[in-house]
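Colleague:
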Amino acid sequence: MKDVFRIKGAIQNYAWGGKEFIPKLMNMLNVDDQPFAEVWLGAHQRSSAKMNLDGKEISLKFFLENNPQALGDRVINNFGNRLPYLFKVLDVKQMLSIQTHPTKKAAENGFYAEEKKGIPITAFNRNYKDDNHKPEVMVAMTEFWLLHGFKSLEAIEDVLKSVPEFKMLSEYYQRILFRGVDNKLFYFYKNLMEMSQKMVDEILQPLAERLSLDFIENKISKKSPDYWAALAFQNNRLKGGHFDRGVFSIYIFNLVCLQKGEGIFQDAGIPHAYLEGVNMELMANSDNVFRGGLTIKHVDVNELLKHMIFEEVVPNVLTGTEVDKGVKVYQTPAPDFELTRVFLNDLEKYSCENIMAPETLIVMEGAVKVQNVNDEFLLEKGEAFFASSGSKYTLVSEGASEVFKASVP
Ligand SMILES: [Zn+2]
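Residues 0 to 408, numbered by numbering that gives the first Met the number 0, are exactly what the sequence shown covers, in order.
(1) Going by CA-CA distance only, name the one from N315, N217, I202 and L89 that's closest to Q265.
(2) Candidates G262, N217 and F247: which alpha carbon is nearest I155's?
(3) Is it buried or exposed, Y111, if we count other Cβ atoms within 10 angstroms and call 16 or more buried?
(4) State yes or no: is the C-beta of E135 nearer than 7 Å to some heavy atom of ligand 1?
(5) Beta strand (DSSP E) containing E321: first to last residue?
(6) Roughly how many angstroms lie between the CA atoms of Y226 and R244, to the nearest whole one?
(7) Between which two residues does the beta strand (DSSP E) carrying D374 extend?
(8) Looking at the unbroken alpha helix (DSSP H) that takes in E153, where does it start and where does it end?
(9) In three-state DSSP terms, what is L70?
(10) Need the endpoints of the beta strand (DSSP E) that H43 sits in, please.
(11) For M50, which three-state DSSP category applies?
(12) Using beta-carbon positions only, say whether E311 and K150 come within less than 8 Å of one another.
(13) Round the Cβ separation of L146 and H271 to the nearest angstrom and send it over; I've been treating them as touching at under 8 Å.
(14) Check the Cβ-Cβ distances between K128 and every residue of chain D, and say whether any is below 8 Å.
(15) Return the residue from the list K128, L89 and P67 that minimises the CA-CA distance to A106.
(16) Less than 7 Å separating the Cβ of Q11 from some heavy atom of ligand 1?
(17) Can you give me the Cβ contacts of A14 inside the same chain, cut-off strictly under 6 Å, excluding the 5 residues immediately before and after it?
(18) Can you tell me where the beta strand (DSSP E) holding V138 begins and where it ends?
(19) Kindly provide the ranges of any alpha helix (DSSP H) runs that are 4 or more residues long and lie completely inside the stretch 336-389, ordered along the chain.
(20) What is the rounded straight-line gap between the Cα of V199 and the Cα of F165?
(21) Do the CB positions of Q93 and N234 come within less than 8 Å of each other?
(22) What residue ranges within the stretch 194-222 form continuous alpha helix (DSSP H) runs of no fewer than 4 residues, ordered along the chain?
(23) Using only alpha-carbon positions, find the residue among E170, K327, G41 and E302 that is nearest to T102.
(24) If we count the other Cβ atoms within 10 Å of its Cβ and call it buried at 16 or more, is Q98 buried or exposed?
(25) Ignore the nearest five residues each way along the sequence and tell me which others in D130's own chain have a CB closer than 6 Å to its CB.
(26) In chain order, what residues of the same chain have a beta carbon less than 6 Å from the beta carbon of F376, not counting five sequence neighbours either side?
(27) Go ahead and pull the three-state DSSP assignment for I175.
(28) Within the same chain, show all residues whose beta-carbon is closer than 7 Å to that of D32, passing over the 5 residues directly before and after it, in chain order.
(29) Assign F123 to one of two classes, buried (16 or more other C-beta atoms within 10 Å of its C-beta) or exposed (fewer than that).
(30) Can you tell me where the alpha helix (DSSP H) with I21 in it begins and where it stops?
(31) Look at the alpha carbon of S169 and the alpha carbon of V180, and state the distance between them as a whole number of angstroms.
(32) I need the DSSP call for G268, collapsed to helix, strand or coil.
(33) In the structure shown, what three-state DSSP assignment does K259 receive?
(34) Start and end of the alpha helix (DSSP H) containing F110?
(35) Indicate whether the contact test is met: 3 or more Cβ pairs, each with one atom in the stretch 348-361 and one in the stretch 373-390, closer than 8 Å.
(36) Is it the case that the stretch 131-138 contacts the stretch 204-223, given that we only count it when at least three CB pairs across the two stretches are under 8 Å?
So this is what it looks like as structure tokens:
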């Protein structure tokens with residue numbers, strides 16, 4: 000029986016997406032000048048990849064529901080009857096919201112509590128879309144900018160002092176530092192998130208005005224939080240022209256720039272926001288997001304504070320562990336997924352035998368021939384395939400190629 004299948008990712012045209020990278024990757028024309036934000040190579044209930052079975056187009060989700068053996072016993076026993084991961088290509092043109100994700104336990108409790116209260120799954124104020132955690136690993140495909148975790152207490156002190164408009168915030172922060180409280184970051188962040196909108200506007204308006212001219216004249220470096228704040232002022236206005244308090248977070252979280260091939264892992268509780276660039280992202284199959292601004296979507300401060308870890312984070316940039324020539328694994332503690340990057344020269348091979356969990360692969364550069372006992376087909380740039388648990392396959396590179404693989408560790 001056939002056990003490897005070409006699949007076609009589901010495109011998400013969210014407004015923050017770029018207009019070129021994904022259409023070019025997928026060999027599509029963007030005649031309507033649409034934003035192409037994400038390609039989902041998964042079996043998520045909201046949007047599944049498609050495949051062709053006996054001449055009929057079906058969703059990968061439908062296929063897995065009807066052929067659970069493709070998931071394999073190990074996955075079914077550990078994660079239930081579903082693909083444990085969601086694999087994506089993202090092209091971020093406009094910054095995304097500041098967010099945190101819950102732990103598995105918190106997601107289960109929260110989901111069932113909201114179900115009990117009868118809040119519809121699609122309601123604006125619904126926090127928990129499912130009962131799963133959402134750790135995420137990503138690898139940059141271009142220079143990639145993001146916010147990731149809190150800076151150290153000292154670094155926050157320095158940055159607040161350096162922005163004249165933050166004088167009052169800086170003084171408040173000093174008082175917290177001198178107070179004998181344990182969780183200084185918690186009190187400070189809570190205060191920012193609960194501050195009146197009037198006060199937020201009073202602080203941010205003069206900052207927006209000061210930065211705008213320098214920003215328009217390209218005088219601010221991307222390495223400065225001022226650049227991203229100025230960009231946020233341009234794109235993120237709340238109803239009534241109010242200022243988005245998410246801008247504060249641009250200064251107090253680590254601003255990270257990943258180079259192509261570098262990755263980062265975001266576990267439960269780590270605040271983060273993607274600012275700009277293209278990446279490959281692999282996450283647990285979940286949609287549970289708590290937002291802290293830079294968005295017009297639902298912000299629930301209580302929930303956000305409950306799930307955020309208020310500790311300094313030193314960003315751990317992943318370069319991947321070389322497990323074989325040209326094969327790098329981006330290791331994380333998440334049991335749900337593993338991301339592998341494969342570089343092949345002309346005619347070089349990459350073989351996987353008797354895989355114990357389903358794998359999803361996409362060609363990001365070049366082309367490979369996929370060989371399997373039942374099948375052989377050419378996979379070109381932007382094309383993807385799904386390998387069932389228990390299958391084996393070999394990739395043979397046609398010219399130099401770069402392939403990303405999602406699997407279960
Ligand atoms: Zn996230």
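Even for Gly, the Cβ is constructed at its ideal location relative to N, Cα and C.
Modeller: In terms of the structure at hand:
(1) In the sequence shown, counting from the first residue as 1, residue 265 sits at position 266. The option with the nearest alpha carbon to Q265 is N315.
(2) Translated into positions along the sequence shown, residue 155 becomes position 156. Of the candidates G262, N217 and F247, the one whose C-alpha sits nearest the C-alpha of I155 is F247.
(3) In the sequence shown, the residue the question calls residue 111 occupies position 112. It is exposed - the Cβ of Y111 has fewer than 16 other Cβ atoms within 10 Å.
(4) The residue given as residue 135 occupies position 136 in the sequence shown. Answer for E135: yes, Cβ within range of ligand 1.
(5) Residue 321 sits at position 322 when you count from the first residue of the sequence shown. Per DSSP, E321 belongs to the beta strand (DSSP E) from T320 to D323.
(6) Position 227 of the sequence shown, counted from the first residue, corresponds to residue 226. Position 245 of the sequence shown, counted from the first residue, corresponds to residue 244. Whole-angstrom Cα-Cα distance: 16 Å.
(7) If you number the sequence shown from 1, residue 374 lands on position 375. Per DSSP, D374 belongs to the beta strand (DSSP E) from D374 to E379.
(8) Along the sequence shown, read from residue 1 onward, the residue named residue 153 stands at position 154. Note, E153: alpha helix (DSSP H), L152 to S161.
(9) Counted from its first residue, the sequence shown places residue 70 at position 71. Correct three-state label for L70: coil.
(10) Translated into positions along the sequence shown, residue 43 becomes position 44. Run containing H43: none; DSSP gives neither H nor E here.
(11) The residue given as residue 50 occupies position 51 in the sequence shown. Three-state DSSP puts M50 in a strand.
(12) Residue mapping note: residue 311 aligns to position 312 of the sequence shown, counting from 1. Residue mapping note: residue 150 aligns to position 151 of the sequence shown, counting from 1. Yes, these two residues count as a Cβ contact at 8 Å.
(13) The residue you call residue 146 lines up with position 147 of the sequence shown. The residue you call residue 271 lines up with position 272 of the sequence shown. Right, their Cβ atoms sit about 6 Å apart.
(14) Of the protein chains in the structure, only one exists, and it is not chain D.
(15) Your numbering for residue 106 matches position 107 in the sequence shown. With distances taken between Cα atoms, A106 lies closest to K128.
(16) Against the sequence shown, residue 11 aligns to sequence position 12. Flag unset: Cβ of Q11 not near ligand 1.
(17) Position 15 of the sequence shown, counting from 1, holds the residue named residue 14. Cβ within range, chain order: P34.
(18) As a working mapping, residue 138 is identified with position 139 in the sequence shown. Looking at the DSSP string, the run of the beta strand (DSSP E) that includes V138 is E135 to A139.
(19) none
(20) Position 200 of the sequence shown holds residue 199. Position 166 of the sequence shown holds residue 165. Answer to the nearest angstrom: the Cα atoms are 11 Å apart.
(21) Counted from its first residue, the sequence shown places residue 93 at position 94. Counted from its first residue, the sequence shown places residue 234 at position 235. Yes; because the gap between Cβ atoms is below 8 Å, this pair is in contact.
(22) 196-215
(23) Stepping through the sequence shown from its first residue, residue 102 is reached at position 103. When only C-alpha atoms are compared, the closest one is E302.
(24) Your numbering for residue 98 matches position 99 in the sequence shown. Buried, because 16 or more other Cβ atoms sit within 10 Å of the Cβ of Q98.
(25) Along the sequence shown, read from residue 1 onward, the residue named residue 130 stands at position 131. Within the same chain, D130 has close Cβ partners A106, E107 and F110.
(26) Within the sequence shown, numbered from 1, the residue matching residue 376 stands at position 377. Closer than 6 Å at Cβ, skipping near neighbours: V369.
(27) Within the sequence shown, numbered from 1, the residue matching residue 175 stands at position 176. Residue state, collapsed to three classes: helix.
(28) Your numbering for residue 32 matches position 33 in the sequence shown. Excluding positions up to five away in sequence, the list reads K18.
(29) For the purposes of this step, residue 123 is taken as residue 124 along the sequence shown, with counting starting at 1. Exposed: under 16 other Cβ atoms inside 10 Å.
(30) Within the sequence shown, the letter at position 22 stands for residue 21. That run of the alpha helix (DSSP H) goes F20 to L24.
(31) Within the sequence shown, numbered from 1, the residue matching residue 169 stands at position 170. Within the sequence shown, numbered from 1, the residue matching residue 180 stands at position 181. Approximately 17 Å between the Cα atoms of the pair.
(32) By one-based count along the sequence shown, residue 268 stands at place 269. Looking at G268 - three-state DSSP - the assignment turns out to be coil, as it is neither helix nor strand.
(33) Counting from one through the sequence shown, the residue named residue 259 turns up at place 260. Coil at K259, not helix or strand.
(34) Translated into the one-based positions of the sequence shown, residue 110 becomes position 111. K103 to K116 is the extent of the alpha helix (DSSP H) around F110.
(35) yes
(36) no
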